[in-house]
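Protein sequences appear in the order of chains A and B. Sequential numbering from 7 applies to the first sequence in the numbering used here. Sequential numbering from 16 applies to the second sequence in the numbering used here. Even for Gly, the Cβ is constructed at its ideal location relative to N, Cα and C. The structure presented is a predicted model; accordingly, all values stated were derived computationally and were not measured. Report on the following structure.
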Amino acid sequence: MSKFSIEQKNNGSTEVFYLKGFLDAHTAPELESAIAGAIAAGQHRLVVNFNDLEYISSAGLGVFMVFIEEVRATGGDIKLTAMKQKVYTVFDLLGFPMLFDITEKEEEALAKFSA
Amino acid sequence: MSKTASFIHERLTASGDTTELERIRQFVQDKAREFGFSEPGIHKIALAVDEACSNLIRHSYHLDHAREFFVDISPQDDDALVIEILDNGTSFDPLTVPAPDLKQYAAQHRKGGFGVHIIRMVMDAVEYFPAETSERGNSPQMNRLRLVKKLN
């Protein structure tokens, strides 16, 4: 029933999450457990690729708020990338670009970690 | 642009379950498109209604899918859409919620409290009528959140 899915790819020191579909109050817990799982496994360099995400509500944004301080405290980060305009609008409305590193392309996000 | 709406008033009955959000968004999107809104306007309306219903389902109905609420949509003066969300939970005026402080929220690992802020930013008017003051003819009194979005 839920039109949301996550694919994860680990490329050495960075865990990349590929989000697809619709991220709302119903599907946000799925993302929250995926990110919690990666952090529990010792990953603190996270990239979230929004290329195939069609929709996000504040419940989705809240997931990143939960973990951002925790990963930064250990020298990591959650970098957000490849958002469609519609999705970026929601992040922008709440001032997230001030707090989060949002890049146009995944390569830029990955490069920032290795820099 | 003035347009004669092809619908007068429509109601969606939904239950206290987050699986309903998709159906609710679809309902208001279809009506907004029919009314003549362009994609950014349609998105804003769906987002605001989603945020309001998410809060209601989680914080007022506590995910109790046996409880129902209504999403009413109707044109106003050919140039605006009015969406009303009617519930019979405990009255809670979302307009009393302060704007979120992002840095403070991050420090506190807070994931909620953004919805109301989004609603206020994307809609042209937001009003709340608690059940005791909400007149709805012969139907039982319900809390009413009234959202207005102008076509232009």
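Item: Cross-strand partners of residue 5 of chain B (DSSP beta bridge); Value: Outside the shown range of chain B (16 to 167) lies residue 5 of chain B, about which nothing can therefore be said.
Item: Cβ of residue 9 of chain A within 8 Å of any chain B Cβ; Value: yes
Item: CB of residue 121 of chain B within 8 Å of CB of residue 71 of chain A, strictly; Value: yes
Item: Paired residues, beta bridge with residue 27 of chain A - DSSP; Value: A:10, A:59
Item: Closer than 8 Å to chain B by CB, residue 101 of chain A; Value: yes
Item: Cβ-based contacts, 7 Å cut-off: residues of the region 69-92 of chain A near chain B; Value: 69, 71, 72, 74, 75, 92
Item: Which of helix, strand or coil DSSP assigns to residue 83 of chain A; Value: strand
Item: Where the region 129-153 of chain B meets chain A: residues whose CB sits under 8 Å from a CB there; Value: 129, 130, 132, 133, 136, 137
Item: Cβ-based neighbour list, residue 133 of chain B, same chain, cut-off 6 Å, excluding 5 preceding and 5 following; Value: 66
Item: Spatially closest choice to residue 138 of chain B from A:14, A:81, A:99, A:32, by CA coordinates; Value: A:99
Item: CA-to-CA distance, residue 88 of chain B to residue 43 of chain B, given in whole angstroms; Value: 7 Å
Item: Sufficient close CB pairs (3 or more, under 8 Å) joining the region 89-104 of chain B to the region 21-37 of chain A; Value: no
Item: Reduced DSSP secondary structure (H/G/I, E/B, other) of residue 118 of chain A; Value: helix
Item: Assumed close pair residue 70 of chain B, residue 104 of chain B - CB separation to whole angstroms, cut-off 8 Å; Value: Wrong, their Cβ atoms sit about 10 Å apart, outside the cutoff.
Item: Counted within 10 angstroms of its Cβ, other Cβ atoms place residue 58 of chain B as buried (16 or more) or exposed; Value: buried
Item: Presumed contact (8 Å Cβ cut-off) between residue 110 of chain B and residue 143 of chain B, rounded CB distance; Value: 6 Å
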